[in-house]
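Everything below concerns the one structure shown next.
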Amino acid sequence: MSEASRLLLLRVLALGVTLLFGAIALRGMLAAVRRGLVHKELLQLFASPIAWFAIAASALVNGFLFVALLELYARTPNVPIVQIFFSSGFFWILQLALVPLITMRSFAAERTAGTIEPLLTAPVRASEVVWGKFLGAFVLYLALWLPTVALLGAALYYASPPGFAASLWALRSHGIVRAVPEALARIGAILDFGPVLSAYLGTALLGAAWVAVGVLASAVSRTQIVAYILAAVLLAGTYALGELPALVPADSPTLAPLREALSGLSLPAAFAEFSRGVIDLRRVLLLLTTSGLALFFATRAVESERWR
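Heads up: the sequence shown begins at 330 in this note's numbering, then just goes up one per residue.
What follows is the structure, given as structure tokens:
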């Protein structure tokens, strides 16, 4: 089989599995929404200070990074803004810190509050409970990135300054009032929607995978602290998989397939592609598979607790 045929077969297989996962996920999501489990989870999440702390922390860190990129672009025009924003160390540290924070309470908080028994004895399937927890946490995860949309929107707004922006433009002699709109305008002028949209798609897929892992960690933990630590360790492990190809000798033809396979597990490499506007179905399949397996094992854990 030629290389082109093999790649085509892999893409078709990846697309088929992706559609299968999508159909299964849609069924679970609709069931959880229909029974009000997602609404209940969202009310509990946003009634907690943890949700607002996570959103504020995300806005603060991403705002700091955005300002730093403004300064970088002022010194080095044509720098790949999107690639830096979505693949910097700040991006990964933020993910590793906040995803366990928003998922640790999923089941562990129910055990601490003594409400896990009514939840497990309710006339709903374990899978629907897990989907409700997952979707609630995933919506909160997506909310973490809303401030970045506002930042990118500001870049586009100042790229062609109408109305209020035009009035700011007239104040060029007032230091930062002059510098910020001009820097934003330069970024907006070079902003390519392809990489931006694919980077947000990658962020959503990564969030789905890591939130699912966090829900699994909470499903098997007795306390929220244990759930946080376990989720952080598991997520750090998935990130560290990207370092495995470096352990395989590059000059060994025999081990070349192994090195290539391990390279496909690298999350930083995947985001380097997403931020360039490249959507590889194999990367998509990897993240969806991670989500599916984590939710499957979380469901098994909840079912086993129900029958104890």
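Even glycine gets a Cβ: it sits at the ideal position worked out from N, Cα and C.
C-beta contact flag for A426 and A537 at 9 Å: no
Range covered by the alpha helix (DSSP H) that runs through E634: 610 to 635
Cα-Cα separation between I558 and F375, rounded to whole angstroms: 22 Å
Within 9 Å, strictly: CB atoms of P476 and I384: yes
7 Å CB neighbourhood of V390 in its chain, flanking five on each side removed: F419, L423
Identity of the residue in R629, L399, V478 nearest S387 by Cα: V478
P409 to E446 span [Cα, whole Å]: 51 Å
Buried/exposed call for W539, threshold 16 Cβ in 10 Å: Counting of Cβ neighbours within 10 angstroms places W539 among the buried residues, the total reaching 16 or more.
Residue from T444, G482, L624 with nearest C-alpha to F395: G482
Helix, strand or coil at G492 according to DSSP, with G and I counted as helix: With a pLDDT of only 43 at G492, under the threshold of 50, the placement of this residue in the model should not be trusted; the figure read from the coordinates follows. Look at G492 here: in three-state DSSP terms it is helix.
Exposure of F493, with buried meaning 16 or more beta-carbon neighbours within 10 Å: Any answer about F493 is weak, because its pLDDT of 43 lies below 50 and its placement is not dependable; what the coordinates show is given next. Classification for F493: exposed.
Other residues of its chain near M433: CB distance less than 6 Å, five sequence neighbours each side excluded: S547, Q553, A556, Y557
Contact set for E400: own chain, Cβ-Cβ below 7 Å, skip 5 residues either direction: none
Cα-Cα separation between W421 and T567, rounded to whole angstroms: 12 Å
Sub-9 Å separation of E634 and L449 beta-carbons: yes
Chain-order list of residues whose beta-carbon lies under 8 Å from that of V525 (same chain, five-residue window excluded): V411, L481
As assigned by DSSP and simplified to three states, the class of L642: Since the first residue shown for the chain is 330 and the last is 637, residue 642 is missing from the structure and cannot be characterised.
Ranges of the alpha helix (DSSP H) found wholly within the region 439 to 477, counting only runs of at least 4: 445 to 450, 455 to 473
Under 9 Å between C-beta atoms of G531 and F414: no
Neighbour-count burial assignment, T619, 16 or more Cβ in a 10 Å radius: buried
Length of the line joining the Cα atoms of L617 and D609: 13 Å
Assigned exposure category for T628 - 16 Cβ within 10 Å defines buried: buried
Start-to-end residues for the alpha helix (DSSP H) that takes in E370: 366 to 375
Local conformation of V639 per DSSP, three classes: Past the boundaries of the shown model lies residue 639; the chain is included only from 330 to 637, so the question cannot be answered.
Backbone CA spacing between R551 and A442 [nearest angstrom]: Annotation: R551 to A442 spans about 11 Å, alpha carbon to alpha carbon.
Closest residue to A598 among E370, V549, A623, A528 (Cα-Cα distance): Looking from the CA of A598, the closest CA among E370, V549, A623, A528 belongs to A528.
Terminal residues of the alpha helix (DSSP H) in which L559 lies: 553 to 569
Among L624, V458, L398, G606, the one whose alpha carbon lies nearest that of K369: When only C-alpha atoms are compared, the closest one is V458.
Identity of the residue in V549, L564, L596 nearest E572 by Cα: L596
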